[in-house]
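K.L.:
Below is one structure. I have some questions about it.
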Amino acid sequence: VTLTPAPDSPVQTNRGRGECRLCDCYLCSLLWKQVKLLVECNVVVSVLYHPSLTTTKGTISTFGKIQRMEFWKLLYSSSRWPSVLVLVVGLCAVPCLPQNPPMDPDTQQDRWPARQGGGGGGGGGNLPWDNNYGNWDNNIIIQEATYFIVASRMVRPGQIYKVACSVLKSRHQLTVRAAIQRNGVELGADSQLVKDGIPETLILRVPPTSVSGDYKLRVEGLYDSLFGGSAFVNETKLTFSQRSMTIFIQTDKPVYMQGQIVRFRAIPINTELKAFQGPVDVYMLDPNRHIMRRWLSRQSNVGSVSLDYHLSDQPVFGNWTIQIVAQNQHEEYSFLVEEYYQTRFEVNVTMPAFFFLTERYLTGTVMANYTSGAPVQGNLTLKATIRPIKNGYRNVDAPREDVVRYFNFDESFPFWFPAPTYSSRTVPHLKYFYGVYNFRYPLSELEQYVPSLDGMEILVTATVGDRFLDEVIQGYSSARVFNNTIKLQFMGGTPQVFKPAMPFNCYISVSYQDGSSLEDKKLEMSRVEVTADVSMRTGGRRNIEPQLLKMSSEHDGIWELKVDLRSQLGLEENKRAIEMLKDIDSMRITAYFKDPTGDRSQMELLLLSHYSPNSHHIKVHTSTRNAKVGEYVILHVQSNFFMETFNYIVMSKGIILLAGQETMQNTIRTFAITLSAEMAPAATVLVYNIDRRSEVVADSLTFPVNGVSRNNFTVFINNRKARTGERVEVAIYGEAGVYVGLSGIDRSFYSMQAGNELTYARVLNKMARFDEETNGTFTQTWFSREGMADDIVYFPSSTYGIDANRTFEYSGLVVFSDIEVSHRVNLCNATQGFAECLNGRCYKATQKCDGKLDCEDGTDESSCPGFNHTELQIFRKFRFNHIQRQYENVWLWKDINIGPHGRYIFEVPVPERPAHWIVSAFSMSPQLGFGMLKKPLNYVGVLPFFINVEMPTVSHQGEQVGVRVTVFNYMTNDIEAVVVLGGSDSYKFVHVEMNGIVRSYNPRTSFGEHQFFIFIKAQDAAVVYLPIVPIRLGDIPVTIMASTLIGKDTVTRNLHVLADGLPQYRHQSILLDLSSRAYVFQYMHVNITETPIIPYDENRYYIFGSNKAFISIVGDVVGPIFPTMPVNATTL
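So the sequence shown is numbered by our numbering: it starts at 11 and just counts up by one.
Given below as C-alpha cells:
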C-alpha cells in the first residue's frame, strides 16, 4: 500500500511523536502492521468487500467503492471482524478522521457529539456519520450510478418515442434495449451500444393505429451486444393518450334557427403544426346524439375540411354536435339551434356586458325596427331587474327575490299638450318613441334596493308597443356589475420554488376584478413597488431593500422582477456567502400597486427553497425574449458546485424531442438550441447532473415558442374600388398554394365568444395542452368587456418541483437508474385521498380549489381559475334576445387557395343591412403549417343610400299585390329622392285616390312607369307603398329604382302568379328498356284539349296560360307518385 500525503489534510503529521491510531480493533492492528510507515494521517483504502453488507438493491455481488467515512463506520460498529475481508486493489487518497473534532463555524461547538452507550453493536450511538454534518451521507455504502435512462411518461399513436440513455460506469460495454409493450405484446423496440459517459438516444415508432390499453416501457442493459449477460432490467407503466393532433372546429355562427344552413370547417393539425394528411370522418349529431348525417373518409384541402348541413324546418331544438374522428381521435363542438319566428317588428337592447361600481350611470340603447328595417313608431317602457349572479357569487347579502324597478323618462311635450302624470300604480313610459332611445339611468338609484351592486346582474327589459299594428314586443339585455378594485397577482400563483444561490425572475400582472385590462393612461401613471424578506433555517430573517419596478415595454400591464439574493443581501464579498445562502429556507415577496386615482392593491408571493441533500443546485434560464420556430433559443446553465458535464432534454407536448450533453466550462454554460415546429407553442428543457456522490440534481424551464408566425399572410379589405360602397375588394397575399379560410360575422354574435371562431388565444391554449399534467408557462389572459377576443401573453417558468424527483415527474418523465433520485419525504397517503402541500404538509385532494386555504402556503388554491369560463360563455350567449338579422348576418365565409403569383383578389357585395363585421382568417401551408391573423379585421359596412323592397313572391290571378319600399338615408344630411316603379306589360299600377280611397273590385289602373318624390331626413328612412296587379300568369319581374344626387339603387323582385281553380293532371308513361338499344321519342301524347274555349259557352276547359308540362325519368316504379325527386321530408 502506498500512502501519499494529501496537501489539504486537516490533521498534522505525528511522525516521531507516537503512532496515529483511529481504533484498537483487530483489523486496524492488522493493517497497521502491514503499513510500516504512516506519512500523514491519511488512510488509503480502495475497495472493500463485506459479504454481510446489503443495500436497497439487495446483496452486493460486485466490488464497490467505500469512502473513508463509510469504511471507519464499518470498523467501528461491526461486531464480526473475523469475517471481514479487505482487499486493497487500488489507491484512493482520502483524509482520515482527525484526532480533534472539527469546530462548527456558526455555533463554535464540536460537530461530533460523544458516543453514548457501549458495546460493539453500534445501536443507538451518536456518531459523526449518523448526522448530516457537512457533506457526509448516512448510507453505509455509497453506491455509484451505473446507468441513468430517461423517457417520457406519455405515449401517443404515431409518435416518435425517444429514450435518453447514459451509461456512467461499466466494466464492459453495455447495449441498452428499450421496448414498448401493450397488453404484453411488443409494439416497437430499439437497441444501441452505449459507451461510458457518452449519451445515446433510442428511437421507437409507435404505430398510428394504436388504441388504449396497458402500456409498459421495458429497458434492459445487456453485455456483449444482446448475447451476453444482463446488467439490469427495468420496467414501468406508461400513460396512453389517444390525442396525437389538435383538431379545430369552426362554424359560421354560434346560434342557428330552423331551416338555416350550418357551414363548418374541421382543421386537424399534427404536433408539427402541419396538416393531417389522412382521411377524416365527420358526423352531425342532434341533441339526442342521433346521427343525422355523416361524411366518411373526407380528404382535406391542405388540412381543412369544409362542409355544410341544411337544417330542416322542424329540427330538434337544442345543442347539436359536430363530431370529427381522425386517427381514432374524437373531437366535438356544440352549437345551438333555436326556434325563432320573426315578428312584425323586433326590439333590440344594446348595452355593455360589464359595469363598475364607480360608473355613475347604466347606459344603453333601445332600437325597434320593422322587418324592412324602418324605425317603429310607438311607446316604450323600460324596467330593470336586479338579481345576484348565479353559483353563489360574493354578494351573500343579496335579496332572495329579484328587485324590479321601472325607468322614468324626461320627455318634453309642446306647450299645448298636457304632460302626463304617473301615480304609484301606473307604469312610466315614453309616449312618443321613434325607433331609437338612448337610456341613461343612475346606478345610485338602483343601489338603494340592494346592499351592494357588486356581484349583481342587472336585466334591462324594453317593451315597445305599436299603435297601428296593435303589437307589443319585448327585448332584453343583461349586464354584470363588479367592483373597480384592481387585482394584482404574481404569474404562476403562490407558492413557488426557488434556489437561493441562483438568480430568478418573477412576473407581476395587473387587471380589474372581472379580468379585463387597465386603460393605457392608467398604466402609464401607475407604480409597482416590491419588498421582500428571507427566512433562515436557523431562525433568522433578513429584509431586502424595496425597489421600484418599470413596466414591460413589450406588454402593457406586466412587470418583471429580477431577484439575485447574493447581491441583494450584500454577500458578494462575504466568505460565508455560500453557507448563508444554503441556510435560506423561504422567501416572501410583496408587491404594491398604486395608480394616480388612488386605487391600491397588493399581493404576496411565497417561495420555498428547493430541497437537495447536499445543497447542490443547478439552474437553467433563457435570455431569449421571443422564441420563434426556425430560430435559436439561448439557454444558460449554472450551478453552485463543481460539475464537468450536464445532460439536457428538450420536450414538448409530453414527447422527448432532443437529448444531449454539454461541458460545463465555467460557472455558467451558455448554449443554443434550434427551435422546431414540434416545440410550439411551449417547450420544456430539463437539465440534470449526477455528481461524484451519486446525487442527482435537476432543474427545468418551460418557455413559449411562437410557431404560428411562420406562415405569414395578409388580408386587406379595400372599399375604395367601388365608390358606392356596394362592393369591396378582398386581397390576400401569401405563399403560393396556401389555403386560407375566411369568416365574417356580426359583432353582436362575435361578442358571445361561444367558441365558434378561431381566436389567437383559443388556438394557443388548445395546442399547449396535450392531456399531460406538466409544468406550463406563466400565462396571463385579459378578457374583453366588449366581447372581443382574449389577449394572452406567455413567459418562461421554472420547475414547480420541490426536489429533483418531482422535477422529473412534473416534466412528464420517468427515470430508470440504479441510484435513487433525491426527493423529500412525502408523508401524504395518496391512496387515502391526501395531497401534499409544497411545504410538506398534507390536505385532502377534494379540498383543491374550494376557495379556502387548507395549506399554510396556499398550495391547494394555487393555479385555480379565477372564475368559471363555461358560466361566462353561457352568460355571453344568452344575455340578450336574438333577432332575425343576427341569425342572417354572415359574410365572407369563403375557402380559397392562393394562386402561383402569391395573391388572390376577389370582390364581394356588402350586405345592405348596416352591420359591424368582424373578419377572421387562418391559413394552412404544406411547408410552413398553420397560421392565422393575431387580431381580426373590423369592417363597418354602411351604405349611404339604399332601398329595401318587400313583396309577396306568389299570388293568384287577379289579386292586388302591395309592394313596400323602404328608402334609407344613412348620411349626415337630409336628401330628396325619387322612387320609380318600372313599366311593364305584365302588371298595372293601382292608383290610390284622394284620402287613400281605393275601389277594391274596380280600381283605377294604368300601365307605364310611375315616379314618387320623397324627402328623407338624415339617419332616417321613408316608406313608399306601391300597389300593383298582375295581368298574366307565370313569373313576372318587378323592377323598382330609387335615385338621389349621390347615386341610385335598383332592386328587381320576381312574382309568381298562379291560376285560379284546382290543378288537373294528365300523364302518359312509357317503359324504357335500354338493355338492347337506345330509344328516340319525338312526341309525348297527353290527352289535353288544344284550346280551352267551349263553343257558345262562358265556361272554359281550363284557364288560359295555365297549361304546362314536365318530364321526369325515374329508375323505379315508386318514383312517379312523388312530385319531387329525390324524395324529401317536405314532399312526404
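Glycine included, every Cβ here is placed at the ideal spot set by N, Cα and C.
1) Decide if alanine 429 is buried, meaning its Cβ has at least 16 other Cβ atoms within 10 Å, or exposed.
2) So the beta strand (DSSP E) alanine 1032 belongs to, where does it begin and stop?
3) At what residues does the alpha helix (DSSP H) containing glutamine 894 begin and finish?
4) Whether or not the stretch 354–363 and the stretch 486–501 are in contact is what I'm after, with contact meaning three or more pairs of Cβ atoms, one per stretch, closer than 8 Å; do they touch?
5) By the 10 Å Cβ neighbour count, where 16 or more other Cβ atoms means buried, how is tyrosine 371 classified, buried or exposed?
6) When the Cα atoms are used, what is the spatial distance from glycine 313 to lysine 731?
7) If we count Cβ pairs, one from each stretch, closer than 8 Å, do we get three or more for the stretch 384–392 versus the stretch 435–444?
8) Tell me which same chain residues have a C-beta within less than 8 Å of the C-beta of serine 562, skipping the five on either side of it?
9) Would you kindly report the start and end of the unbroken alpha helix (DSSP H) that includes leucine 533?
10) What residue range does the alpha helix (DSSP H) around phenylalanine 508 cover?
11) What are the start and end residues of the beta strand (DSSP E) that includes serine 965?
12) In whole angstroms, what is the alpha-carbon distance linking aspartate 701 and threonine 673?
13) For valine 376, does the three-state DSSP call read helix, strand or coil?
14) Select from Lys560, Asn839 and Arg354 the residue whose C-alpha is nearest the C-alpha of isoleucine 483.
15) Only counting runs of 4 or more residues, tell me where the alpha helix (DSSP H) segments fall wholly within the stretch 200–268, in order along the chain.
16) Closer than 8 Å by C-beta to phenylalanine 449: which residues in its own chain qualify, once you throw out the five before and the five after it? Chain order, please.
17) On a CA-only basis, which of Thr381, Trp330 and Val229 is nearest methionine 302? Give me that one, please.
18) What would DSSP say about aspartate 860, mapped onto helix, strand or coil?
19) Does the stretch 762–782 come close enough to the stretch 1086–1093 that 3 or more CB-CB pairs lie under 8 Å?
20) Does the distance from the CB of aspartate 595 to the CB of proline 513 come in under 8 Å?
21) Report the residue from Val647, Phe425, Phe443 and Pro921 whose alpha carbon sits nearest the alpha carbon of valine 630.
22) Touch check for the stretch 867–880 and the stretch 837–848: three-plus C-beta pairs under 8 Å?
23) Can you have a look at threonine 1062 and say buried or exposed, based on whether 16 or more other CB atoms are within 10 angstroms of its CB?
24) Report yes or no: do the stretch 518–531 and the stretch 582–591 share at least 3 C-beta pairs separated by less than 8 Å?
25) Would DSSP call serine 88 helix, strand or coil?
26) Out of Val315, Tyr293 and Gln309, state which residue places its alpha-carbon closest to the alpha-carbon of serine 344.
27) For valine 243 and leucine 711, I'd like the C-alpha separation in whole angstroms.
28) What residue range is occupied by the uninterrupted beta strand (DSSP E) comprising threonine 436?
29) Looking only at its chain, what residues have a beta carbon closer than 6 Å to the beta carbon of valine 973, apart from the 5 residues adjacent to it on each side?
30) Whose C-beta lies closer than 6 Å to the C-beta of glycine 811 among residues of the same chain, with five residues either side of it excluded?
31) What is the DSSP secondary structure of phenylalanine 73, reduced to helix, strand or coil?
32) When the Cα of proline 946 is compared with those of Gln252, Glu917, Gly797 and Met1004, which residue comes out closest?
33) Using the rule of at least 16 other Cβ atoms within 10 Å of the residue's Cβ for burial, across every protein chain shown, is phenylalanine 999 buried or exposed?
34) With burial defined as no fewer than 16 other Cβ atoms inside 10 Å of the residue's Cβ, what is the status of aspartate 828: buried or exposed?
35) Of all the beta strand (DSSP E) runs that stay within the bounds of the stretch 649–693, which reach a length of 3 or more residues?
36) Look up serine 382 in the DSSP assignment and say whether it is helix, strand or coil.
P.N.:
The answer reads as follows:
1) exposed
2) 1030–1040
3) 894–898
4) yes
5) exposed
6) 33 Å
7) yes
8) Ile568, Trp569 and Glu570
9) 530–534
10) Per DSSP, phenylalanine 508 belongs to no alpha helix (DSSP H); it is in the beta strand (DSSP E), 506–508.
11) 964–966
12) 14 Å
13) strand
14) Arg354
15) none
16) Leu372, Thr373, Gly374, Thr375, Val376, Leu392, Phe417 and Val470
17) Trp330
18) coil
19) no
20) no
21) Val647
22) yes
23) exposed
24) no
25) With a pLDDT of 37 at serine 88, under the threshold of 50, the predicted position of this residue should be treated as unreliable, and no value is reported.
26) Tyr293
27) 31 Å
28) Here threonine 436 belongs to no beta strand (DSSP E), and DSSP marks it neither H nor E.
29) Met961 and Leu1036
30) Thr817 and Tyr820
31) Interpretation of phenylalanine 73 is limited by its pLDDT of 33, a score under 50 that renders its predicted location unreliable; the figure taken from the coordinates is listed afterwards. In the structure shown, phenylalanine 73 sits in coil (DSSP, three-state: anything other than H, G, I, E or B).
32) Gly797
33) buried
34) buried
35) 655–662, 665–673 and 678–684
36) coil
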